[in-house]
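Chemist: What follows is a structure written as structure tokens; I'll ask about it next.
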Ligand SMILES: [Zn+2]
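See the structure below:
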């Protein structure tokens, strides 16, 4: 490329092309929306965890509610037995005093069991209430995460559109500048690689890959007149001498 020297107007066009290309590359990177995508992935994970917690708390609530109902049924049965035994006792027909004592003991025993079962029922109801509070909290959290996810998705969509529009405009601008440059440079300037296809040298370093020019390349570059071109030894970028 050393034999090609651009005219003043072409030099300005390539300088502008390099700047425009920088904007295009920045927008292409921005279009990936890497951070937003990572945040979305993290939110999906958080949402999954919140849903699992919701399921777990719902199950815990159901277990305690079922246990509370079972205790209530048992207490009802016991109370019915007390009523039957009391009826028998009050009737007293054909009962000896020993029978009466035995029935009284039975009632006392049943009532003591009823108290235990009632206490158990109360504890299960309290545990069910606590689990219900956890269910509400987990549901709120899952909803909030889902809402945040929807907001981010929307943002991603609108940002994507904005970036795409800007990108199209800058690409068109860059293409227009390309037309003002010698045709033999077009293929390499159109090549999209890891590094920009052309750059200027800044403080002895290639503006595309950032590496310092070797001593020999630096000498060659120094001796170029404005509009002169050199290839970067490391990344192959077309280096433009501007002054
Ligand atoms: Zn380079």
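Numbering (the working numbering), first residue to last: 43 to 285. All C-beta atoms, glycine included, are put in the ideal place defined by N, C-alpha and C.
(1) Taking 8 Å as the cut-off, does the stretch 92-107 touch the stretch 234-248 (at least 3 CB pairs, one atom from each stretch)?
(2) Roughly how many angstroms separate the alpha carbons of residue 141 and residue 148, rounded to a whole number?
(3) Taking only three categories from DSSP, how would you classify residue 134?
(4) Determine the closest residue to residue 115 out of 102, 156, 85 and 63, with distance taken between C-alpha atoms.
(5) Report buried or exposed for residue 159, applying the criterion of at least 16 other Cβ atoms within 10 angstroms of its Cβ.
(6) Please confirm whether residue 149 has its beta-carbon closer than 8 Å to some beta-carbon of chain C.
(7) Have a look at residue 52 and residue 77 and give me their C-alpha separation to the nearest angstrom.
(8) So for residue 270, helix, strand or coil by DSSP?
(9) Can you give the Cα-Cα distance for residue 252 and residue 193, rounded to whole angstroms?
(10) Please classify residue 126 as buried or exposed, where buried requires at least 16 neighbouring CB atoms within 10 angstroms.
(11) With a threshold of 7 Å (Cβ to nearest heavy atom), would residue 236 be considered close to ligand 1?
(12) What is the chain-ordered set of residues for which the beta carbon lies under 5 Å from any non-hydrogen atom of ligand 1?
(13) On the DSSP bridge assignment, give the partners of residue 244 in chain order.
(14) Among 106, 122 and 272, which one has its Cα closest to the Cα of residue 163?
(15) Let me know if residue 229 comes out buried or exposed under the rule of 16 or more other beta-carbons within 10 Å of its beta-carbon.
(16) Near residue 276, which residues of its chain fall below 6 Å by C-beta distance, leaving aside the five closest residues on each side in sequence?
Modeler: This is what the structure holds:
(1) no
(2) 10 Å
(3) Three-state result, residue 134: coil.
(4) 156
(5) buried
(6) Absent from the structure is chain C; it holds one protein chain and no more.
(7) 38 Å
(8) strand
(9) 38 Å
(10) exposed
(11) no
(12) 248, 250, 251, 274, 276, 277 and 279
(13) 247
(14) 106
(15) Label assigned to residue 229: exposed.
(16) 251 and 253
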